[in-house]
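Mapping of the sequence shown onto this note's numbering: position 6 corresponds to residue 1000, and the numbering continues sequentially without gaps. Where is the CB? At the ideal position from N, CA and C, for every residue including glycine. Working notes, beginning with the structure itself.
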Amino acid sequence: MQDLSRKGIISSAKGPNGGFYIENNALSKLISDIVEAVDGNGLFYGCALGLKQCSEINPCPLHDQFKAIRDQIKDLLYTTTIGAFNQELLAGMLSLKK
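Structural data, given as structure tokens:
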């Protein structure tokens, strides 16, 4: 949560009634901002096998297949705002319950 707060995605308030919350202006931020704040950008650019030397010039055995999947995930997360995601949750179209 601190990482998200430092990146300006969420805000925090100290004290007995404090906690974390999201400001209205942060609802226009992208879901990709959350992923990058928490895990970095490896999901968007990394190798499926975690190989540092994997590249277009030196591909690993999963490179082409994973690149297609990775690009779809990247496109989804770079085009979905926190606000749109939240609206679908509030409307019951999505669920975060286990």
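CB of residue i within 7 Å of CB of residue j, strictly
i       : j       : result
ASP1027 : ILE1003 : yes
PHE1060 : ALA1042 : yes
ALA1093 : LYS1068 : Absent from the model: residue 1093. The displayed extent of the chain is 995 to 1092, so no value can be given.
GLU1082 : LEU1090 : no
Supposed close pair residue i, residue j - CB separation, criterion 8 Å
i       : j       : result
LEU1021 : ILE1076 : 5 Å
LEU1056 : VAL1029 : 21 Å between Cβ atoms; not a contact.
Residue i, enclosing beta strand (DSSP E) - first and last residue
i       : result
GLY1013 : 1013-1015
Where residue i sits in the DSSP three-state scheme
i       : result
ALA1007 : strand
THR1074 : coil
ASN1018 : helix
LEU1056 : coil
LEU1045 : coil
Limits of the alpha helix (DSSP H) - the one that residue i falls within
i       : result
ILE1028 : 1025-1033
GLY1040 : First-last for GLY1040: undefined, no H or E at that position.
LEU1088 : Segment: none, LEU1088 is in no alpha helix (DSSP H) and carries neither H nor E.
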